[in-house]
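**Q** Taken in sequence, the protein lines are chains Y and E. If you read the first sequence in numbering that gives the first Met the number 0, its first letter stands for residue 0, the second for the next number, and so on. If you read the second sequence in numbering that gives the first Met the number 0, its first letter stands for residue 0, the second for the next number, and so on.
Protein chains: 2
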Amino acid sequence: MNQVRELLKIRYPIIQGGMIWCSGWRLASAVSNAGGLGTIGAGSMYPDVLKEHIMKCKLATSQTFAVNLPLIYPQVSDHIDIIIENKVPVVITSAGNPSLFTSRFQEAGIKVLHVVSSAKFAVKAQKAGCDAVIAEGFEAGGHNGREETTTMCLIPKVRDAISIPLIAAGGIADGRSMMAAFALGAEGVQMGSRFVATIESSAHESFKQAVINADEGDTQLTLKEITPVRLLTNPFAEQVKLAYQNGATIEELKALLGRARAKKGMFEGNMIDGELEIGQVSSRLDNLKPAKDVIVETMREFNSLRSQLFNELAYID
Amino acid sequence: MNQVRELLKIRYPIIQGGMIWCSGWRLASAVSNAGGLGTIGAGSMYPDVLKEHIMKCKLATSQTFAVNLPLIYPQVSDHIDIIIENKVPVVITSAGNPSLFTSRFQEAGIKVLHVVSSAKFAVKAQKAGCDAVIAEGFEAGGHNGREETTTMCLIPKVRDAISIPLIAAGGIADGRSMMAAFALGAEGVQMGSRFVATIESSAHESFKQAVINADEGDTQLTLKEITPVRLLTNPFAEQVKLAYQNGATIEELKALLGRARAKKGMFEGNMIDGELEIGQVSSRLDNLKPAKDVIVETMREFNSLRSQLFNELAYID
């Protein structure tokens, strides 16, 4: 019995990451309608925008969906009220202390999943009463842990440290990587980059094209002194690199980053000056497809691989 | 039929990495006698020392064993002569162009495996006629690729790019991580850190203890401008970090690194001034054991997991 499916009341234990600027109600409802867990990314939404997306998502699907909520967001308290008032079934919290809000959500009947980048923080999330943990490796796009632990090393370490359900993130985009995550001890996966490159994602078309054109070595974890973030190489990322080479201070880096860079890149499609957050696994993506196809094809490959591993591939007499 | 076993004539498709200062004839023969592929690490050996280790290894095992040969080593030509004269069954080449020496080894009846960190270099290795490829992810210890691609992203990418047998390295230390590598498309694994922490490894006892004491975030990929290398945090690694913060030039970094740092740390046990090369997976190791136990326990977990994934863990109806 798969604990992630039981907990979230979903058909397939595949969670769509709540990526800023890419994950509105269209993507979330498409994923939920296909049997996964669709997620609205609140990190790039003002409270009224979030409310609109939740309401539209509810109209578009009768299935479980989630809101991803970075706890460091300045208007987090407004967001929490909206999530509770609108009875969102699941909240995925990240970038903050899960002990602050978990019980408030749970008292309202909302399941809480917390994103971590280490076993140490996974234990804290379990102690805070979270329903499950999403452990995200170094290869993941966007904001990331300082320990740089990869999914391969992170998942078994976390599995051995906690007893609540575990979902793997970072480097997962198909049935093979999903099966690898299960072998490591996860009972579900979260995919970000793969869902950026879908028809329903609200990413700008230019960003989607850049994602499927990305090759090996085209993303890099940077800005570690502010908040580590994995970016696709573009002129802005090159500027950041140059600033490091010139010994820029944290203040200078913050000034260079400025405001609204992520919106400019991922939502407005400015491939020169925008900040483009994406995972390493983008180097394995070469097409845009409907979110439903991602789910269906992933499960088909996963199920077929399950038999193949048992009967041939992992059979060592 | 597992291609890696067929190619190398070994019982279990587990290769012990040829780590400098840690992999002499004792470790190599113990691994080969246990059914894996033991490897002598030539990178830290003068030609006469290598010859001695090969001869002792042959006396200690009748099974297949290998020599790991970094192609950038200054005395590589002497090493090649010794390997051929002494009929070493397998050579694992790394850090250089595989098209230079592969056919010479093969004409002498020696199988050639080449270590790569990207699909691009895997294709080159296949074109050079190598018998198999070892693809090593960012989490691996010691010298590493510039692309920083993790094992989770690297293995399926390489699998789709080549047709010769593929061995996964980086983050692998037990049956769970071995099964993950197989799910991603590998037919064998190479483990380094796990074999450093064995009774038979020639690593200094202080280094072995430091390896099993390592926690999350305790290793870091550094010296990227010279040759990227993953080091365990110690006062020397802190010095390197400080040098970067102070905007050190490549020449200054090279001077700081100096000579014989790796020997000082890993072989002589100087935990202050020595260079300590180890993988991220060290954070998952908490004991020293005989090399044979590593092989036996890995295969036991791998085989048990194969059934569990099929019957329960990966069964999604």
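Virtual Cβ for every residue (Gly too), placed ideally from N, Cα, C. In this text the structure is predicted, and so the values were computed from the model without any measurement.
1) Using a Cβ cut-off of 7 angstroms, pull out every chain Y residue sitting near E:Val-280, in sequence order please.
2) Give a yes or no on whether the minimum CB-CB distance between Y:Leu-99 and chain E is below 8 angstroms.
3) Go ahead and label Y:Ala-261 buried or exposed: buried means 16 or more other beta carbons lie within 10 angstroms of its beta carbon, across all protein chains shown.
4) Compute the Euclidean distance between the alpha carbons of E:Tyr-72 and Y:Thr-150, then round it to the nearest angstrom.
5) Going along the chain, which residues of its own chain have a beta-carbon closer than 8 angstroms to the beta-carbon of E:Leu-6, five neighbours each way excluded?
6) Skipping 5 residues on each side, what residues in its chain have a beta carbon closer than 7 angstroms to that of Y:Ile-161?
7) Output yes or no for whether 8 angstroms exceeds the beta carbon distance between E:Glu-230 and E:Thr-218.
8) Would you kindly report the start and end of the unbroken beta strand (DSSP E) that includes E:Pro-69?
9) Anyone know if the C-beta pair for Y:Lys-207 and Y:Leu-287 falls short of 8 angstroms?
10) Between which two residues does the beta strand (DSSP E) holding Y:Glu-135 run?
11) What span of residues does the alpha helix (DSSP H) with Y:Thr-38 cover, start to end?
12) Cβ of Y:Lys-253 less than 8 angstroms from any chain E Cβ?
13) Hey, out of Y:Ala-139, Y:Tyr-11 and Y:Ala-65, whose CA is closest to Y:Leu-112's CA?
14) Quick check on the burial criterion: 16 or more other C-beta atoms within 10 angstroms. Buried or exposed for Y:Arg-175?
15) Closest to E:Leu-312 by CA distance: which of Y:Ala-182, Y:Ala-259 and Y:Ser-117 is it?
16) On the criterion of 16 or more Cβ atoms from any shown chain inside 10 Å, does Y:Asn-245 qualify as buried, or is it exposed?
17) In the DSSP assignment, what residue or residues form a beta bridge with Y:Met-190?
18) I'd like to know if E:Ile-14 contacts chain Y, where contact means its C-beta is closer than 8 angstroms to some C-beta of that chain.
19) Between Y:Glu-267 and Y:Leu-26, which are expected to be in contact by the criterion C-beta below 8 angstroms, what is the C-beta distance as a whole number of angstroms?
20) Distance check for E:His-52 and E:Glu-84, CA to CA, integer angstroms please.
21) In this structure, does DSSP put E:Thr-248 in helix, strand or coil?
22) Near E:Glu-138, what residues of its chain come up, given a Cβ to Cβ distance below 7 angstroms and the 5 sequence neighbours on each side ignored?
23) On a Cα-Cα basis, can you pick out the residue from Y:Ser-306, Y:Ala-213 and Y:Arg-299 that is closest to E:Lys-156?
24) Tell me the DSSP secondary structure of E:Ser-116 in three-state form.
25) Could you tell me whether the Cβ atoms of Y:Ala-242 and Y:Glu-251 are closer together than 8 angstroms?
26) Which first and last residues belong to the alpha helix (DSSP H) in which E:Thr-150 is found?
27) Quick one, are the C-beta atoms of Y:Ala-29 and Y:Gly-37 less than 8 angstroms apart?
28) Taking a contact to mean a Cβ-Cβ separation below 8 angstroms, would you say Y:Ile-39 touches Y:Asn-67 in this structure?
29) Scan the region 91-118 of chain E for residues whose Cβ lies nearer than 7 angstroms to a Cβ of chain Y and list them as they occur along the chain.
30) My parser needs the beta strand (DSSP E) runs of 3 or more residues fully inside the region 213-291 of chain Y; what are they?
31) Buried or exposed: where does Y:Val-48 fall if 16 or more other Cβ atoms within 10 Å of its Cβ makes it buried?
32) With E:Leu-26 as the anchor, note down where its alpha helix (DSSP H) starts and where it stops.
33) Is it true that the CB of E:Ile-211 sits closer than 8 angstroms to the CB of E:Asp-285?
34) Below 8 angstroms on C-beta distance, what does Y:Lys-156 contact in chain E?
35) Residues of the region 128-151 of chain Y with a CB closer than 9 angstroms to any CB of chain E: list them in chain order, please.
36) Going by beta carbon distance, what residues of the same chain come within less than 7 angstroms of Y:Arg-283, once the five residues before and after it are set aside?
**A** On the basis of the data shown:
1) As a position in the second sequence, residue 280 of chain E is number 281, starting the count at 1. Result: Cys-152.
2) For this step, residue 99 of chain Y is matched to residue 100 along the first sequence. By this cut-off, Y:Leu-99 is not an interface position.
3) The sequence position of residue 261 of chain Y within the first sequence is 262, counting from 1. Buried, by the Cβ-count rule.
4) Within the second sequence, residue 72 of chain E is the residue found at index 73, counting from 1. Within the first sequence, residue 150 of chain Y is the residue found at index 151, counting from 1. Their Cα atoms are separated by approximately 33 angstroms.
5) Counted from its first residue, the second sequence places residue 6 of chain E at position 7. Taken in chain order, the residues that qualify are Lys-110, Asp-130, Ala-131 and Pro-164.
6) Taking the first residue of the first sequence as 1, we reach residue 161 of chain Y at position 162. Cβ neighbours of Y:Ile-161 beyond the five flanking positions: Ala-121, Val-122, Gln-125 and Val-132.
7) Taking the second sequence and counting its residues from 1, the one referred to as residue 230 of chain E is at position 231. Taking the second sequence and counting its residues from 1, the one referred to as residue 218 of chain E is at position 219. For the record, residue 230 of chain E in the displayed sequence is Leu; it is not Glu. Cβ distance < 8 angstroms, so E:Leu-230 and E:Thr-218 count as in contact.
8) Indexing the second sequence from 1 puts residue 69 of chain E at position 70. First-last of the beta strand (DSSP E) with E:Pro-69: 64-69.
9) Counted from its first residue, the first sequence places residue 207 of chain Y at position 208. Counted from its first residue, the first sequence places residue 287 of chain Y at position 288. Yes; because the gap between Cβ atoms is below 8 angstroms, this pair is in contact.
10) Along the first sequence, read from residue 1 onward, the residue named residue 135 of chain Y stands at position 136. Its beta strand (DSSP E) spans residues 131-135.
11) Looking up residue 38 of chain Y in the first sequence gives position 39. Y:Thr-38: not part of any alpha helix (DSSP H); member of the beta strand (DSSP E) spanning 37-40, first to last residue.
12) Locating residue 253 of chain Y in the first sequence gives position 254, counting from the first residue. Closer than 8 angstroms: no.
13) On the first sequence, position 113 is the one that residue 112 of chain Y refers to. The option with the nearest alpha carbon to Y:Leu-112 is Y:Ala-65.
14) Your numbering for residue 175 of chain Y matches position 176 in the first sequence. If you draw a 10 Å sphere on the C-beta of Y:Arg-175, you find 16 or more other C-beta atoms in it, and that means buried.
15) The residue you call residue 312 of chain E lines up with position 313 of the second sequence. With distances taken between Cα atoms, E:Leu-312 lies closest to Y:Ala-182.
16) Counting from one through the first sequence, the residue named residue 245 of chain Y turns up at place 246. Counting Cβ neighbours within 10 Å, Y:Asn-245 comes out exposed, since fewer than 16 surround it.
17) Numbered from its first residue, the first sequence carries residue 190 of chain Y at position 191. Its beta-bridge partners are Y:Gln-15.
18) As a position in the second sequence, residue 14 of chain E is number 15, starting the count at 1. Cβ-Cβ to chain Y under 8 angstroms: no for E:Ile-14.
19) Along the first sequence, one-based indexing puts residue 267 of chain Y at 268. Along the first sequence, one-based indexing puts residue 26 of chain Y at 27. So it is not a contact: roughly 18 angstroms between Cβ atoms.
20) One-based indexing of the second sequence puts residue 84 of chain E at position 85. One-based indexing of the second sequence puts residue 52 of chain E at position 53. Each residue's Cα considered, the two are about 14 angstroms apart.
21) Here residue 248 of chain E is taken as the residue at index 249 of the second sequence, counted from 1. Coil, per DSSP.
22) Counting from one through the second sequence, the residue named residue 138 of chain E turns up at place 139. Around E:Glu-138: Thr-149, Thr-150, Gly-169, Gly-170, Gly-278, Gln-279 and Val-280.
23) Taking the first residue of the second sequence as 1, we reach residue 156 of chain E at position 157. It is Y:Ala-213.
24) Residue numbering aside, residue 116 of chain E sits at position 117 when the second sequence is read from its first letter. DSSP places E:Ser-116 in coil when its eight states are reduced to three.
25) In the first sequence, counting from the first residue as 1, residue 242 of chain Y sits at position 243. In the first sequence, counting from the first residue as 1, residue 251 of chain Y sits at position 252. Cβ distance < 8 angstroms, so Y:Ala-242 and Y:Glu-251 count as in contact.
26) In the second sequence, residue 150 of chain E corresponds to position 151, counting from 1. Where E:Thr-150 is concerned, the enclosing alpha helix (DSSP H) stretches over 150-160.
27) Residue mapping note: residue 29 of chain Y aligns to position 30 of the first sequence, counting from 1. Residue mapping note: residue 37 of chain Y aligns to position 38 of the first sequence, counting from 1. Annotated as proximal: Y:Ala-29 and Y:Gly-37, with beta-carbon spacing under 8 angstroms.
28) Position 40 of the first sequence, counted from the start, is the residue given in the question as residue 39 of chain Y. Position 68 of the first sequence, counted from the start, is the residue given in the question as residue 67 of chain Y. The answer is yes: Cβ separation under 8 angstroms.
29) Ser-117 and Ala-118
30) 218-221 and 228-231
31) Position 49 of the first sequence, counted from the start, is the residue given in the question as residue 48 of chain Y. Within a 10 Å sphere around the beta-carbon of Y:Val-48 sit fewer than 16 other beta-carbons, which makes this residue exposed.
32) Translated into the one-based positions of the second sequence, residue 26 of chain E becomes position 27. 24-32 is the span of the alpha helix (DSSP H), which, as asked, contains E:Leu-26.
33) Along the second sequence, one-based indexing puts residue 285 of chain E at 286. Along the second sequence, one-based indexing puts residue 211 of chain E at 212. Cβ atoms of E:Asp-285 and E:Ile-211: closer than 8 angstroms.
34) As a first step, residue 156 of chain Y must be located in the first sequence, where it is residue number 157. Per Cβ cutoff of 8 angstroms: Glu-215, Ser-282 and Arg-283.
35) Gly-136, Phe-137, Glu-138, Gly-144, Arg-145, Glu-146, Glu-147, Thr-148, Thr-149, Thr-150 and Met-151
36) As a position in the first sequence, residue 283 of chain Y is number 284, starting the count at 1. Correct list, in chain order: Ala-172.
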